[in-house]
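Data first, discussion second: the structure below is written as structure tokens.
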Amino acid sequence: MKLAGWMAMVLISSAVGFARADAPARQRPAALTSVTIQDAFWSPKRDLWRQTTITDCLNKFEKDGALTNFDLVRDGKEAGIHHGAPWFDGLVYEMITGASGFLVTNPDPQLEARLDGYIDRIAAAAARDPDGYLNTYTTAKEPTHRWGANGGNDLFQHDLYNAGCMVEAGVHYYRATGKTKLLATGVRMANYMCDVMGPAPKKNLIPGHAISELSFFELYQLLAAEPALKAKLGGDLDETRFLKLAQFWIDARGHHEGRKDFNAYDQDHVPVAEQQTIEGHAVRATLLASAITAIGRDGGRPDYLPIADRWWTDMATKRTYLTGGVGASAEAENFGPDYFLPNDGYAETCAAVARAFFDQQMLQCTGNAAAADELERALYNGALSGVSAAGTSYFYENPLKADPKRNRWDWHGCPCCPPMFLKLMSAMPGYIYSTDDHGLFVNLFVGSTVKAKIGQTDVTLTQTSGYPWSGDVMMKVDVKQPATMRLRVRIPEWCRPAVADALYRSDREPALDAFTLAVNGQAANYTVERGYAVVDRTWQGGDVVSVKIDVSPRRILAHPMVAEDRGKMALAAGPLVYCLESTDQGNPVGQSPAAQSFDQTTLSTDGPLGTEMRADLLGGVRVITGQAARKDGDNAAKSFNFTAIPFFATANRGPRSMAVWVPVATENRPG
Ligand code: FUB
Ligand code: ZN
4 MKLAGWMAMV LISSAVGFAR ADAPARQRPA ALTSVTIQDA FWSPKRDLWR
54 QTTITDCLNK FEKDGALTNF DLVRDGKEAG IHHGAPWFDG LVYEMITGAS
104 GFLVTNPDPQ LEARLDGYID RIAAAAARDP DGYLNTYTTA KEPTHRWGAN
154 GGNDLFQHDL YNAGCMVEAG VHYYRATGKT KLLATGVRMA NYMCDVMGPA
204 PKKNLIPGHA ISELSFFELY QLLAAEPALK AKLGGDLDET RFLKLAQFWI
254 DARGHHEGRK DFNAYDQDHV PVAEQQTIEG HAVRATLLAS AITAIGRDGG
304 RPDYLPIADR WWTDMATKRT YLTGGVGASA EAENFGPDYF LPNDGYAETC
354 AAVARAFFDQ QMLQCTGNAA AADELERALY NGALSGVSAA GTSYFYENPL
404 KADPKRNRWD WHGCPCCPPM FLKLMSAMPG YIYSTDDHGL FVNLFVGSTV
454 KAKIGQTDVT LTQTSGYPWS GDVMMKVDVK QPATMRLRVR IPEWCRPAVA
504 DALYRSDREP ALDAFTLAVN GQAANYTVER GYAVVDRTWQ GGDVVSVKID
554 VSPRRILAHP MVAEDRGKMA LAAGPLVYCL ESTDQGNPVG QSPAAQSFDQ
604 TTLSTDGPLG TEMRADLLGG VRVITGQAAR KDGDNAAKSF NFTAIPFFAT
654 ANRGPRSMAV WVPVATENRP G
């Protein structure tokens, strides 16, 4: 969170609707409980995050006093004392949400007992307030500014954000464990909020940091779907209040009567229906956009869908780094104008995570593979880079170039990114597959099994894959009786013809066999719809679909409007963006500043690119190799063999200089 020096930048852009929201091919995400991951790439990482990263973060939050804050309120000893940032309560709740996702797929009694202990402390603190209000910072430091009202400022206090995180954690912990203590605490708080804020005569209060919009909607959906749970939580509970308040928070943007104007920083400069581009703090903007999309789809507000479409299109086609990072400007952690993508930009891990949530919502809403492409881009690059290979150090910023001093941190004064990272990675199994009334969508290529019901038919699909290192994917379809079903397999963006005006494009059109699909060894007839290969057939138990995806290395060029990338090239293979780190490049011109910065390094637009699976490197990565040249001062350029590593693996060997975009040798620069 940074506010200093912030100036709103509102530029007009021509949004290119990637899929009109009025003609959606909607998907329903597979429930987390229906997917099991067994994948050479993801499983070891997920085990590490589950067993090491969660513990590491919880230990560090405890050490920071984030849990003590609740005890101080519980014991009535909080006056004037608060540890950490005002949003620490929210971050504890986010840890519970992230851990909950992992508990669904991997029950862990020890972790659950630890979280139960936290929840007891949280619930006891909330119980001290007659209304169930709990925000330890405000109670301790700004007791007259509850909700940021009466001269307070929720932009800083994060009262509504913390409450939203509590509700979200209550919902997710209930889904993971069936336990209702945190959910009941969140419902009490949510009910109190519904009493206080909303359309006049209630108070016009909106979240200074979006998140509550989506979590209140999730609470509404949970209670609407589970009457027994609703009865358990309180006979007269009316879940529609939570939906209405979530809608109010969206509709009240740009209407400042009786409250502070949070401006474009908080998507509050004009009503959302009038916002043409995605603006402001990138985490807030993308979390708000996720809620707008979800409520537009399932919350009775189809008028929100064109807003979501417009913002998403602006983000994906003009304001996204090659890595999926967003929020280029460090000044206010905000989106800059269209095509403003400096390589030393900000790209907070939280922003890559939140934009992935937005992508997932858009995918479910439109059924368009372009949204899954963007989700995958962030997942494998700009979000995955947020945690080290050892799982205990982190990045807040994920720029596409680094000086030799840049290193990961063990912890941070604003440790918002690790919990958001865990939320995404714990939810990720639910993003691999979706369904509709006709069949199954395969959105991501991850070794896994999904159990789905299509109409009356129970289907089990088992995917095995060496992705992202190899493009061979097998899917075994199991049905008890022969069944007619539509299988839709995403054709990744780099295997489809390039889109006009694309933000990033490969230097070559995809080969005709860049994506192939066979059923039981026979090339299959399929149609292509919204970026998916669509196979309609009567499936027999044991049918096997084999997909081959070209993951050979490719050179990437940016849209000419991206000033910083003009005359430069990046490398990618499959979904992975690559970077050069100084360590891997030999020592052709010594350790001069030129050698360290890559500004004097050039890549050629032709010549072979090789790949090699390096088990010895960074826990096992596939590198890209080729010829480059480097100048040192006035001396002639010397050629050398470069080795590029996946961007997600950067900064795992101590401080290193790094670059994703590298100048193209002038003699073969594309015209
Ligand atoms: O606003 C406080 C923190 O700053 C949030 O958790 C993140 O969005 C970060 O940008
Ligand atoms: Zn963050």
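Mind the numbering: the sequence shown is residues 4 to 674 in my numbering, read in order. Cβ coordinates follow ideal geometry from the N, Cα and C atoms, glycine included.
- Q466 is positioned such that its CB atom lies no closer than 8 Å to that of R29.
- If you look at R191, you'll find it in the alpha helix (DSSP H) that goes K184 to V199.
- For S103, the enclosing alpha helix (DSSP H) stretches over residues F91 to T108.
- Every residue whose beta carbon comes nearer than 6 Å to a heavy atom of ligand 2 appears here in chain order: E351, T352, C353, Y399, C419, C420 and M423.
- In this structure, S388 sits away from W412, with a CB-CB distance that is not shorter than 8 Å.
- Distance from the CA of A647 to the CA of V453, rounded to the nearest whole angstrom, comes to 35 Å.
- As computed with DSSP, N644 is found in a beta bridge with Q630.
- Between ligand 1 and the CB of E216, the shortest heavy atom gap is not smaller than 7 Å.
- When DSSP states are grouped into helix, strand and coil, N72 belongs to the helix group.
- Taking 8 Å as the cut-off, the beta carbon of G442 is found no closer than this to the beta carbon of V482.
- The stretch 147-158 makes contact with the stretch 263-278, as at least three CB pairs between them are under 8 Å.
- Checking the DSSP bridge columns, you'll see Y397 partnered with V390 and W412.
- Around the beta carbon of N165, a 10 Å sphere encloses 16 or more other beta carbons of the protein chains shown; the residue is thus reported as buried.
- In the DSSP assignment, R31 forms a beta bridge with T438.
- C168 has its CB no nearer than 7 Å to any heavy atom of ligand 1.
- In this structure, the CA atom of F650 is about 6 Å from the CA atom of V580.
- In the same chain as C353, and ignoring 5 residues on each side of it, the C-beta atoms closer than 7 Å to its own belong to V286, C419, C420 and M423, in chain order.
- Separation of the CB atoms of A359 and L378 is rounded to 5 Å, and the pair is thereby assigned contact status at 8 Å.
- Ranked by Cα distance from D475, the options A521, Q250 and L515 are led by A521.
- H85 is not a Cβ neighbour of A130, given a cutoff of 8 Å.
- Between G201 and F245, the C-beta spacing is not below 8 Å.
- When secondary structure is reduced to three states using DSSP, E260 falls in the coil class, being assigned neither helix nor strand.
- Looking at the backbone, the Cα of A430 and that of G101 are separated by about 8 Å.
- In the structure shown, R304 adopts coil according to DSSP, grouped into three states.
- In this structure, C417 has its beta carbon less than 7 Å from a heavy atom of ligand 1.
- Distance check between L290 and each of K235, E334, S215 and V275 places S215 closest, using alpha-carbon atoms only.
- Across the structure, L621 and A652 are spaced so that their CA atoms are roughly 7 Å apart.
- Per DSSP, F44 has no beta-bridge partner at all.
- A187 is the residue among W150, A187 and A69 whose C-alpha sits nearest the C-alpha of A126.
- With a threshold of 16 other beta carbon atoms within 10 Å, Q459 falls short and is exposed.
- Contact between the stretch 319-327 and the stretch 393-410 is present: 3 or more CB-CB pairs across the two stretches fall below 8 Å.
- Pairwise C-beta distances place the stretch 660-672 in contact with the stretch 600-615, as three or more of them are shorter than 8 Å.
- I99 and S642 have their C-alpha atoms spaced approximately 51 Å apart.
- Three or more beta-carbon pairs drawn from the stretch 163-183 and the stretch 110-125 are found closer than 8 Å, and the two stretches are therefore classed as touching.
- Within the stretch 227-292, no complete beta strand (DSSP E) segment of 3 residues or longer occurs.
- In the three-state reduction of the DSSP assignment, T487 falls in the strand class.
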